[in-house]
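Beneath this line is the structure, given in structure tokens, with notes to follow.
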């Protein structure tokens, strides 16, 4: 099992190495289901890795002196995971609005 420091080092490496793609692709836009494309897979895998790191931290045995620091580390990773979720939702809303604008511009479709 990894130590808190080793897990947080992996977190820092993961965040440093990750760049959001231009957008993501959706298999089903209204339900926010990502398509199995390279861009979407990159984002999904990043989220899975963050979730795994948070779960690893939650498995670490704590002492009264280490509880606060461990909670802070978990919160930091969960905040990053929340940012990924928000970014995906922003992409979905943008694409929904773009689709609506196209429908208005081309009502024959």
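Residue numbers (the working numbering): 82 to 190. Even for Gly, the Cβ is constructed at its ideal location relative to N, Cα and C.
The alpha-carbon of residue 127 is positioned some 27 angstroms away from that of residue 147. DSSP places residue 109 inside the beta strand (DSSP E), whose first and last residues are 107-109. Distance between residue 135 and residue 188, taken at the CA atoms: about 47 angstroms. Counting only the Cα atoms, residue 98 lies some 26 angstroms from residue 174. Residue pairing for residue 115: DSSP places it in a beta bridge opposite 107.
DSSP places residue 152 inside the alpha helix (DSSP H), whose first and last residues are 148-186.
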